Amino acid sequence: MKRTSALAAVAAFLWGLGASAQAREIRIGLITPLTGDVKTFGESVKNAFEMAVDEANKAGGVAGMKIAYVVVDDRNDPTEASNAANLLINRHRVKAIIGSVTSKATIPVSDLAQSFRIPAVTPTATNPKVTVADGKRKDYMFRACFIDPFQGRVMAKFARESLKTGSAAVLYDASNDYSKGIAEFFRDAFKSLGGEVAAFESYGKDDVDFSALLTKVKASNADVLFLPDYYNKVGLIAKQAREKGIKAKFIGPDGWDSPDLAKIAGEAVEGGYFSNHYSHEDTRPEVVTWVKKYKAKFGQTPDALGTLAYDATNLLFAAIRKANSDDPRKIREALASIKGFQGVTGKATMDKNGDMIKSAVIIRIEGGRQKFIKVVTP
Ligand code: PHE
43 MKRTSALAAV
53 AAFLWGLGAS
63 AQAREIRIGL
73 ITPLTGDVKT
83 FGESVKNAFE
93 MAVDEANKAG
103 GVAGMKIAYV
113 VVDDRNDPTE
123 ASNAANLLIN
133 RHRVKAIIGS
143 VTSKATIPVS
153 DLAQSFRIPA
163 VTPTATNPKV
173 TVADGKRKDY
183 MFRACFIDPF
193 QGRVMAKFAR
203 ESLKTGSAAV
213 LYDASNDYSK
223 GIAEFFRDAF
233 KSLGGEVAAF
243 ESYGKDDVDF
253 SALLTKVKAS
263 NADVLFLPDY
273 YNKVGLIAKQ
283 AREKGIKAKF
293 IGPDGWDSPD
303 LAKIAGEAVE
313 GGYFSNHYSH
323 EDTRPEVVTW
333 VKKYKAKFGQ
343 TPDALGTLAY
353 DATNLLFAAI
363 RKANSDDPRK
373 IREALASIKG
383 FQGVTGKATM
393 DKNGDMIKSA
403 VIIRIEGGRQ
413 KFIKVVTP
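Note that the sequence shown covers residues 43 to 420 in the numbering used here.
Below is the structure:
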């Protein structure tokens with residue numbers, strides 16, 4: 043009898059060891075649009091996030107902890123994104139979040155991350171309101187990308203100086219923070235560089251017929267049409283614009299980055315230019331290695347979204363290592379203390395708002411593919 047209980051005690055002890063070994067795990071969450079109007083964004087981000095997690099786990103984990111994760115789809119919808127953040131924080135008890143992807147979904151996520159004190163890193167959301175609201179820094183929120191005042195300036199300067207355009211028309215979605223924000227940043231920069239903004243018009247989120255707006259654009263005779271939106275809308279507008287006989291060059295921001303843009307718009311976007319976070323044609327060794335391993339695993343060339351997601355996830359892991367803890371407060375502190383980060387998308391410097399100062403690239407659409415044109419440093 044005595045012997046049995048001693049054995050039982052040993053068994054319980056060993057079981058306890060096993061359980062505590064298993065407990066050396068840190069759970070994080072990913073919020074990304076896996077369905078809805080920008081699902082190519084969500085898929086790339088999920089692929090790259092999982093790749094970074096697998097690599098870290100294969101290398102023995104992060105700060106001695108295995109990374110466990112939960113992925114939630116926000117369908118690029120602000121309400122869904124709030125629900126996703128609530129679920130991750132309050133039900134799954136995650137210690138940190140990667141996400142979300144678009145600015146309009148990330149703004150509500152950032153507010154929840156802030157109020158529950160859970161650090162979050164968006165790979166891709168570029169609107170200033172993600173990290174700062176009403177002049178106040180949300181200090182649990184960080185990002186791996188540059189922000190839209192810079193991006194708007196990059197395209198305005200490119201339009202003025204490289205494309206030598208005198209006048210621009212802008213069409214944007216007034217209900218989308220990203221679209222509206224970058225439309226305004228572009229407009230202001232284009233004007234301050236001496237250009238004329240001949241049309242500045244907005245549409246609603248569910249609009250599919252842009253005929254009335256395009257009539258105004260045509261009448262404006264602008265040299266370029268700036269289309270700050272995601273690939274689905276851009277594709278639709280570009281097509282209708284060409285059908286209306288608009289000859290202006292089409293230009294835009296990072297939201298154009300999808301293999302589906304050329305599928306939707308075909309010829310209409312040929313010769314168009316947009317700003318982005320990286321080019322797969324970059325010959326830096328880290329880019330070459332990344333493109334090769336992503337292609338081998340997913341059979342596709344990685345876009346900027348996936349590449350930023352890989353960088354954002356590794357940035358979070360660097361912070362967890364530095365904190366050497368799974369305590370969200372310590373992880374936040376470690377994130378805030380990271381001043382420079384060398385990712386696949388390039389060298390980044392984090393400013394006091396948790397925003398990254400880094401280069402942009404300009405891409406031209408040729409034969410439906412993305413051709414690298416140049417790098418623009420801040
Ligand atoms: N910057 C976009 C946003 O804030 C998201 C995006 C990033 C889209 C990179 C494409 C490529 O909504």
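Every residue, glycine too, gets a C-beta built ideally from N, C-alpha and C. The structure displayed is predicted, hence computed values, not measured ones.
### Minimum C-alpha distance to Arg202 - residue among Gly236, Gly102 and Tyr182
Gly236
### Rounded straight-line distance, which links the Cα of Gly308 to that of Val417
26 Å
### Query
Any chance the CB of Asn274 is under 8 Å from a heavy atom of the ligand PHE?
Asn274 Cβ: outside cutoff for every heavy atom of the ligand PHE.
### Message
If you measure between the beta carbons of Ala240 and Ala198, is that distance less than 9 Å?
### Response
no
### Residue range of the alpha helix (DSSP H) that includes Asp181
Asp181 -> no alpha helix (DSSP H), and no H or E assigned at all.
#### Entry: beta strand (DSSP E) segment containing Arg411, residue limits
From DSSP, the beta strand (DSSP E) with Arg411 extends over Arg411 to Val418.
### Task
Report buried or exposed for Gly287, applying the criterion of at least 16 other Cβ atoms within 10 angstroms of its Cβ.
exposed
### Message
In whole angstroms, give me the CA-to-CA distance for Ala138 and Pro161.
### Response
5 Å
### Message
Threshold first: 4 residues or longer. Then list the alpha helix (DSSP H) segments lying entirely within the stretch 203-283, N to C.
### Response
Positions of the alpha helix (DSSP H) runs, each at least 4 residues long and wholly inside the stretch 203-283, are given as 219-234 and 253-262 in order along the chain.
### Query
Looking only at DSSP bridge pairs, what is Gly294 linked to?
Under DSSP, Gly294 shares a beta bridge with Phe316.
### Query
Taking the alpha helix (DSSP H) that Gln193 falls in, what are its first and last residues?
Asp190 to Lys199
### Task
Report yes if the C-beta of Phe83 is less than 8 Å from at least one heavy atom of the ligand PHE; otherwise report no.
With a cut-off of 8 Å, the C-beta of Phe83 is classified as near the ligand PHE, since at least one heavy atom of the ligand falls inside that distance.
### Task
Tell me, please, which residues DSSP counts as bridged to Gln384.
Lys389
### Exposure label - Ser379; buried when at least 16 CB within 10 Å
exposed
### Message
So, at 6 Å on beta carbons, what are the nonlocal neighbours of Lys364 in its own chain, with the 5 sequence-adjacent residues on each side left out?
### Response
Ala376
### Query
Helix, strand or coil for Thr164 per DSSP?
strand
#### Entry: Inter-stretch contact at 8 Å, needing at least 3 Cβ pairs: the stretch 277-284 / the stretch 218-231
Contact between the stretch 277-284 and the stretch 218-231 is not established, with fewer than three Cβ pairs separated by less than 8 Å.
### Query
For Ala402, which three-state DSSP category applies?
strand
### Message
Going by beta-carbon coordinates alone, are Pro165 and Val143 separated by less than 9 Å?
### Response
yes
### Query
Going along the chain, which unbroken runs of the alpha helix (DSSP H) with 4 or more residues stay wholly within the stretch 68-144?
Qualifying alpha helix (DSSP H) stretches, in chain order: 81-100 and 120-128.
### Message
Tell me the residue span of the alpha helix (DSSP H) that contains Thr331.
### Response
It spans Pro327 to Phe340 - the alpha helix (DSSP H) in which Thr331 sits, taken as one unbroken run.
### Query
Using a Cβ-Cβ cut-off of 7 Å (strictly less than) and excluding sequence neighbours within five positions of Tyr182, which residues of its own chain qualify?
Ala155, Gln156, Arg159, Ile160, Pro161, Ala162 and Arg374
### Query
If you compare alpha carbons, which of Phe268, Gly71, Ile73 and Glu85 is closest to Asp345?
Glu85
### Query
Is the beta carbon of Cys187 less than 9 Å from the beta carbon of His322?
no
### Message
Do Ile407 and Val311 count as a contact pair if the criterion is CB distance below 9 Å?
### Response
yes
### Query
With contact counted as at least three CB pairs below 8 Å, one residue from each stretch, are the stretch 168-179 and the stretch 89-109 in contact?
no
### Query
Under the criterion of a Cβ to heavy atom distance below 8 Å, does Asp299 qualify as lining the ligand PHE?
yes
### Beta-carbon spacing of Leu252, Leu303 below 9 Å
Looking at the sequence itself, residue 252 is Phe, so the reference to Leu does not match. Leu303 is positioned such that its CB atom lies no closer than 9 Å to that of Phe252.
#### Entry: With 16 other Cβ atoms within 10 Å as the buried cut-off, status of Glu328
exposed
### Task
Indicate the three-state DSSP secondary structure (helix, strand or coil) for Ile40 in the structure shown.
This structure gives no information on residue 40, because the portion of the chain shown stretches from 43 to 420.
### Query
Residue range of the alpha helix (DSSP H) that Asp302 falls in?
Pro301 to Ala307
#### Entry: Simplified DSSP state of Arg185, which is helix, strand or coil
strand
### Task
Starting from Ser379, trace the alpha helix (DSSP H) both ways and give me its first and last residue.
Pro370 to Ser379 is the span of the alpha helix (DSSP H), which, as asked, contains Ser379.
### Query
Under the DSSP definition of a beta bridge, which residues are partnered with Val174?
Arg179
### Task
Consult DSSP for Ala63 and reduce its assignment to one of helix, strand or coil.
Unreliable positioning characterises Ala63 in this predicted model, as indicated by a pLDDT of 48, which lies under 50. A coordinate reading is not provided.
### Task
Quick one: residues in its chain with C-beta nearer than 8 Å to the C-beta of Arg371, no 5 flanking neighbours on either side, listed in chain order?
Here the set comprises Arg159.
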